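Working notes, beginning with the structure itself.
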């Protein structure tokens, strides 16, 4: 009796975090639930525990993190235990793994307990292999139908579909090996690269050396044609030539008056010779520059000397124009004219003061005279109107008398009015019938009436007239007094002004020291005329003074210029000679300069040196080429060896290509034989399952066969009573799924060994109801003798299985959270 | 016997050259350890070694 898995305990693996424990039945265990609740994680736990692998967790993404260990597990450790039982023996298999950086990195630890023993590592894996009865690589194709296997099987790509069939047939590793050996293109490219390098070496080194040697011989021939002897084309001879040229260059420098160059000694090696040749070239160029500069300097000196001579000549001719005049005589003349100008200036100032003071006085007197005339006119007007001062005073006395008289009359009238008032009062009170004075009979009423209407009115009228007269006379007196005061002030002012005029005249005459007389205007005109005459005389003197002064300054300038020119010439000629001696020295110097110029213009010597240097340079270039050719030729043995080595490598790669081709041939042959044998042995079982799960209503027979060998591709053909077809062309995805299931189940039925458990993940993909019922019926038959663990999210399949399989244990998964699948066992 | 051991036995007996058998052994070991990519890497290294520093 084979082993079955009777209990599973898993934690920290894939989608399972906290420990999940379940007993499993030896018949059908159905994991049911929607997508993403952890069904596949439970199936993967079983595969991983028994084999230590999850073959579909491959690819670049899985290398960057550990996809086996659950992300949320507190200890970051995956642990799965399976209890296996065959009725006689109970074996507990436990595998653990610590999270690592990658799915493919790290390892797991296996422990197996049975009959009271505990074994670990390779011994434990050997025990598991023994129970399963298969190689670890056979597990996924024989015992575990993955979702991915079904998806690849129904792929439209023949290559992918063929790879899926290989996986189900156990040929995937063979296909991988065969594909990995397909490196012919890479080897060809590598060999091509090496061959190009060999060609490059032959071209760039060997052929180059030959062409360089030919070029060198041609160059030698040309040198010989130019007259070079063989012995001249040697390093030692060039050294001698350079040394001789160095001596001659030094000699030429000394002859030119240049600082002799310090030339390096030449060693008999090519680099030293090159440096010396270069140094000589620079030195000869430097000498030529020196020659040109010397020629320019000489010409410049000649011009300077001739310029100084011209200056001297001009200065001398200018001095001759002054005749007998000297600086001293001109200075005396200047002093005399200045003295005359000074005398004229004294008179000028005297008449200028007279004219100025006279004019000012005239203005002042005119102003005073005008004011006096106006005052005298006003005084005469007063006199004509009021008389002189005595008359005015007499008029004032008369006025005072008249005023006194009127005021007496006013006092009498006032008394008379008071008497009338008293009389009225008395008579009214006493009612006298007779006059108290004359005692004549009176009518008191008439008397009162008469006193009131006649006497008092008459008196009042008279007083009024007297008062108006008083007022008029008083005003006349007052006005006349004001006139008198004005008149007296005018008289005083006229007197003062006349006094001022006299005083101003005396002061002006005192300032200028001359009596101006009464005819001031004539004196002023006389002074102005004298001033005009003096101005004219002074201008003449000033002009004469300027002329003498300019003449003296020109004489001084010419004398200075002559001295400066002679000094300049003395400096140029470096001599203290003067006068004609100096001119003689200059003449000799100019003759020397002309001679030097002729010498500096001669370039024959330098041309000869340059010609010799050119010949040396040609030989040096030849020797350099010869050196380079020798160097290239010296490399040739190494290059030849390298070419040989590369040839050997090319041959080795071709041998490798041959070996790999032979290997691929052997693999291809073996693969063909193995596949043919396997398919032949599975064909009957394959068709039994295919028909059982209602593969196709017409095409009842399924056949998988090799379509092509390079690469190995399969065809899946279905046959009816008379016709056959390639199933990818006519089959639905559901029918393709049935074909995949048939292949898996036939393999399982034929190969399963010590472990009867078949695991299927979502086997009803794309199936319709009829296919699911047929699948449920097939599963029921299998479950009678085999343990099945099936995961599905398909409610129809679940219903069909619950109806068909009485021993079914349903493990319902309601959902998933970070702790893992949420179970609901029924 | 694992798939790889069986594969080596089946293929090796068809190769007359001992050097080819030795190479096959190495390649199948690489296949066991790292699959197809490991074999490609192994052959790549071999080619590089034979080609030398170019």
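Protein chains in written order, with the working numbering: chain A, 10 to 835; chain B, 7 to 60.
C-beta atoms are modelled at their ideal positions from N, C-alpha and C, and glycine is treated no differently.
Keep in mind the model is a prediction, meaning the values are calculated, not measured.
query, result
"Assigned exposure category for residue 501 of chain A - 16 Cβ within 10 Å defines buried", "exposed"
"Min CB distance residue 158 of chain A to chain B below 8 angstroms", "no"
"Within-8 angstroms CB hit, residue 662 of chain A to chain B", "yes"
"contact_flag[the region 313–325 of chain A, the region 580–598 of chain A] where n(CB pairs < 8 angstroms) is 3 or more", "yes"
"Element boundaries [alpha helix (DSSP H), containing residue 472 of chain A]", "465–521"
"Among A:616, A:50, A:595, A:41, nearest to residue 24 of chain A - alpha-carbon criterion", "A:50"
"Anticipated Cβ contact below 8 angstroms, residue 331 of chain A with residue 543 of chain A, distance rounded", "Contact doesn't hold; Cβ gap of about 33 angstroms is too wide."
"Range of the contiguous alpha helix (DSSP H) that encloses residue 821 of chain A", "Looking at the DSSP string, residue 821 of chain A is not in any alpha helix (DSSP H); the run it does join, the beta strand (DSSP E), is 818–826."
"Limits of the unbroken alpha helix (DSSP H) element including residue 630 of chain A", "613–701"
"Residue-level contact to chain A via CB, residue 60 of chain B, 8 angstroms cutoff", "With a pLDDT of 48 at residue 60 of chain B, under the threshold of 50, the modelled position of that residue is not reliable, and no figure is offered here."
"Residue ranges of each alpha helix (DSSP H) within the region 201–268 of chain A, 4 or longer", "217–234, 244–265"
"Reduced DSSP secondary structure (H/G/I, E/B, other) of residue 171 of chain A", "helix"
"Within 7 angstroms of chain A by C-beta, residues of the region 43–55 of chain B in sequence order", "45, 46, 49, 52, 53"
"Beta-carbon neighbours of residue 16 of chain B, restricted to chain A and to distances below 7 angstroms", "679"
"Cβ of residue 759 of chain A within 8 angstroms of any chain B Cβ", "no"
"Closer than 8 angstroms to chain B by CB, residue 668 of chain A", "yes"
"Continuous beta strand (DSSP E) stretch holding residue 87 of chain A: start and end", "86–94"
"Under the three-state DSSP convention, the category residue 40 of chain B falls into", "helix"
"Min CB distance residue 8 of chain B to chain A below 8 angstroms", "yes"
"N- and C-terminal bounds of the alpha helix (DSSP H) containing residue 760 of chain A", "742–760"
"Residue range of the unbroken beta strand (DSSP E) whose run includes residue 297 of chain A", "Per DSSP, residue 297 of chain A belongs to no beta strand (DSSP E); it is in the alpha helix (DSSP H), 279–329."
"Minimum C-alpha distance to residue 116 of chain A - residue among A:130, A:355, A:436", "A:130"
"Contact between the region 181–201 of chain A and the region 770–788 of chain A (3+ Cβ pairs under 8 angstroms)", "no"
"Where residue 442 of chain A sits in the DSSP three-state scheme", "coil"
"Whole-Å CB distance - residue 554 of chain A paired with residue 366 of chain A, under 8 angstroms assumed", "Between residue 366 of chain A and residue 554 of chain A the Cβ distance is about 30 angstroms, and since that is not below 8 angstroms, they are no contact."
"Within 8 angstroms, strictly: CB atoms of residue 695 of chain A and residue 752 of chain A", "yes"
"Residues of the region 130–156 of chain A with Cβ closer than 9 angstroms to any Cβ of chain B, in chain order", "138, 144, 145, 146, 147"
"Residue burial classification, residue 447 of chain A (beta-carbon count within 10 angstroms, cutoff 16)", "exposed"
"Where residue 138 of chain A sits in the DSSP three-state scheme", "helix"
"For residue 68 of chain A, the residue or residues it bridges with in DSSP", "Per DSSP, none; premise fails for residue 68 of chain A."
"Cβ neighbour criterion (16 or more within 10 Å) applied to residue 138 of chain A", "buried"
"Contact between the region 36–52 of chain A and the region 825–835 of chain A (3+ Cβ pairs under 8 angstroms)", "yes"
"Contact with chain B by residue 192 of chain A, beta-carbon distance below 8 angstroms", "yes"
"Whole-number beta carbon distance between residue 288 of chain A and residue 272 of chain A, since they are thought to touch under 8 angstroms", "6 angstroms"
"Min CB distance residue 702 of chain A to chain B below 8 angstroms", "no"
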